[in-house]
Amino acid sequence: MRVFIRFVLLFTIISAISLVLGISLVEVGVSPSYYAYVLIVVLIISLFSAGSILEPVEELRDAFQSAVRGEMRKVAPKSSDEFGELASAFNWMIEELIKEKESLEESEKRFRSVMEELDGWLFELDSNHRIVFATNNFKEKFGDVEGKYVGDVLENFPVEKLELGKFEYEVIKDGKITTVEVVVKKEEGIYRCLARDVSEGKRVERQLAFFKEILEHSVDAIVILDVDSRITVWNKGAEMMFGYTAEEAVGKPLNFLMPKEHWRQCAENFKRAIVEGHVKDIEAPRIRKDGELIIVDQTLTSIHDSNGEVVGFVAIMRDITKRKRAELDLKNSLEELEKRTRELLEVQKELQQLASIVENSNDAIYSVDVRGIITSWNRTAEKVFGWSKEEAIGMDASALLPEELKGETEFIIRRIREGDSGLSFETRRLRKDGTVIDVEITVSPILDELGELSGISIIARDISEKKRAEREAEKRMFKYDVERGRIYFADNFDLAVDVINDLVKCGYTGRVISRRYPENIGVCEDNYIMLSSRKMKGTLDPDPEKIYREIMSLPGWKNAVLLDLDYLLVKRNFEEVYELIQRLKDVFFVLNKGILIVCSESELIGEREFELLKMECSTIKSRKVEIPDEIYDVLRFIYSKNKIGERPSIKDVMNNFGITRNTAKKRVQQLLDRGLIRIIKDGRFKVLEVTEDGRQIMRVA
């Protein structure tokens, strides 16, 4: 019941009762018409009183309802009582609402103006996914879109992802695919969507990931510095070269790697890099974490921002310690060799002037997809292999492999899929002109956005000269006719041990895997692993797979491994052992991992098995030397020391072979009598030097 009606009824009833009671007290026997007349008078008075009291309230109610509908109108105060004060308060509230509405409209106008300038499209969807608002740049691209279903404007728009708040979507317009990132905010059933083009960002991300892979797996130390020459980035090549982890190196100045007397020169190099842009061919000493002093070839380049201001530096360092030692040896050689060395250094300097992290690296860098197709090819690869970039890209990588290595690419990809994050090994490559060169290879995986293997990155360094020198040196040094990258079979265990010990003397890392005790076979316990089914320290289970993994974990390329098959043949059948030997043969041949000798004196090997082993393994042959082995070993020791610029004494011979002074003197005297060595004075000491006749024996041995 409305307030006005209730008020009138209440007023009428109270007035009627009051009049009736008053009349009945004064006079009895009043006629009914009189009562009716009184009632009408009372009703009129009630209506007038209720109307005068409630009219302002009704006016305020109507004004409130108009304000709710958005129609802002004021009421006129008709009295100075509480109703008048209420009307004034209402009018003040209406004024404030009008101001707030105008402010909101102005804010919305500014907001929409800002939205028009945003780098992206802004549009709003209702609960039925129809476009209720869109910025002008959105309309310019897709036309008049308001009121249309979003799927009719944006093909295959994923409306089910609107609740996620953020997602990526490919817009197809005029045959062009654009990747956009859509950010959604939902308010009162309205989806406010901001779509930004992220295609360029995705492309840059892929490029950065590619260069990061190359940076992290480069064999060179690549260090990025700030303007104060403090280290900010330290790659894995730097970790391997100097021994410091990234956590230990980042934040320190570059000169912490240098002797103190080179700090001033380092500061001068930074000044030159700022003025000239880069400083190349900086050959300087550096200190490793273990205290060893090495020589590096460093290129220092300044980094500039978009305004041309220097914001940092890049230092690329390559360990050339071995090369510098070789240069010292070459200085003692013939004048012709010195001339060739200078020519090689000049060529090397010219190449280094073109060097950069990838495209202009001194190393050949190329990438291969999982199908074995070459997808990138740098300038050095053109020089090393002979194919131009146009010829190489799209070519099968097997064209770079000699016939005996045709399965190498498939083998490497399989190894990486099995968990190897990177491989380094020495192998051979075929040039366009048909010549075969020796190279040092570093292989790294290339992953796509989903972390799946999409290809491999290969860094190849030509080491033909180095390998030729090593092979000549090993040919002269080895007591037996064995070659790195090969597998040999011996049916005499003492012969196999003697070969391993001889290789260890020549600088190889020995490893014997056998059931026999080390003291019984004459090898050091540090280089020995016992085959045993019982799990103990220093033992290995006679399982072909575990033996394969153990041998594969050996680092480097100069490994001399002896695998005793006798106990393994007792625990496993010949077919499993034969498969293990085949796998190891592939690995040692492809990765050039070292020399492997398999040995068995067991009667478990029949003629058929023996013939199969001969097919997979080479035969060990001794080199013919006209002097006794123990005398030849002393000559070889003196010769190896002379090659690195050292001249040993008789005491050094004693210590190296563990013999008495008298025995050492007798063996040295026999070499003196044959004219193979001579004794010369070096200050207060007498030292030994190989004669030309001795060198001749070592060259033909």
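Sequential numbering from 2 applies to the sequence shown in the working numbering. All residues carry an ideal CB built from backbone N, CA and C; glycine is no exception. Predicted model, so just to flag it, every value in this text is computed and none were measured.
- Taken in chain order, the complete alpha helix (DSSP H) segments of 4 or more residues contained in the region 157-217 number zero; there are none.
- Counted as a single uninterrupted DSSP element, the alpha helix (DSSP H) harbouring T664 occupies residues 662-674.
- When rounded, the separation of the alpha-carbon atoms in E164 and L424 is 46 angstroms.
- Ranked by how close their Cα comes to the Cα of T620, the residues V500, N236, I514 have V500 in first place.
- The continuous alpha helix (DSSP H) containing I582 extends over residues 575-592.
- When the five nearest sequence neighbours on each side are left out, the beta carbons in the same chain lying within less than 7 angstroms of the beta carbon of K140 are those of V146, in order along the chain.
- Scanning E577, D449, S307, L402 for the CA closest to the CA of K203 turns up D449.
- Rounded to whole angstroms, the Cβ separation of S458 and V371 is 13 angstroms, and the two are not in contact under 8 angstroms.
- Three or more pairs of CB atoms, one per stretch, sit closer than 8 angstroms, so the region 599-614 contacts the region 562-573.
- Pairwise C-beta distances place the region 586-593 out of contact with the region 633-647, as fewer than three of them are shorter than 8 angstroms.
- Under the three-state reduction of DSSP, I632 is assigned to helix.
- By the beta-carbon neighbour count (other beta carbons within 10 angstroms, threshold 16), I191 is exposed.
- DSSP places A398 in no beta strand (DSSP E); its state is neither H nor E.
- By the criterion of a C-beta distance shorter than 7 angstroms, V483 is surrounded in its chain by Y489, V500, I596, I621, once the five residues flanking it on both sides are discounted.
- For R430, there is no enclosing alpha helix (DSSP H); the residue is found in the beta strand (DSSP E) stretching over 424-431.
- In this structure the region 314-328 lies against the region 292-303, because at least three pairs of beta carbons, one per stretch, are closer than 8 angstroms.
- Proximity to R326 across G646, W93, P446 peaks at G646, based on C-alpha coordinates.
- If only uninterrupted alpha helix (DSSP H) runs of at least 4 residues are considered, those enclosed by the region 243-276 are 247-250.
- Around the Cβ of W378, a 10 Å sphere holds 16 or more other Cβ atoms; the residue is buried.
- Sequence-distant partners of V154 (beyond 5 residues in either direction) whose C-beta falls short of 7 angstroms from its own C-beta, in its chain, are I132, F143, V146.
- Between Y481 and K559, the C-beta spacing is not below 8 angstroms.
- Of the candidates P543, I552, D587, I548, P543 places its Cα closest to the Cα of Y568.
- About 5 angstroms separates the CB atoms of I225 and T233; that is less than 8 angstroms, so the two are in contact.
- Distance between V199 and I178, taken at the CA atoms: about 12 angstroms.
- Under the DSSP assignment, T436 falls outside any beta strand (DSSP E); it carries neither an H nor an E label.
- Under the DSSP assignment, M616 falls in the alpha helix (DSSP H) whose first and last residues are 608-617.
- Judged by DSSP secondary structure, L496 falls outside any beta strand (DSSP E) and instead within the alpha helix (DSSP H) spanning 494-506.
- Distance from the CA of Y367 to the CA of I375, rounded to the nearest whole angstrom, comes to 7 angstroms.
- N361 is the residue among L402, G373, V369, N361 whose C-alpha sits nearest the C-alpha of E383.
- Bounds of the alpha helix (DSSP H) holding K547 are 545-553.
- The C-alpha of R485 lies about 44 angstroms from the C-alpha of A274.
- Counting along the chain, R415 sits inside no beta strand (DSSP E); it lies in the alpha helix (DSSP H) bounded by residues 409-418.
- At a Cβ-Cβ threshold of 8 angstroms, T410 and G373 count as neighbours.
- Rounded to the nearest angstrom, the gap between the Cα atoms of E188 and Q66 is 26 angstroms.
- In this structure Y579 touches L613 by the C-beta definition: roughly 6 angstroms separates them, less than 8 angstroms.
- Exclusion of the five residues before and after R289 leaves M242, F243, G244, I295 as the residues of its chain whose Cβ lies within less than 8 angstroms of its Cβ.
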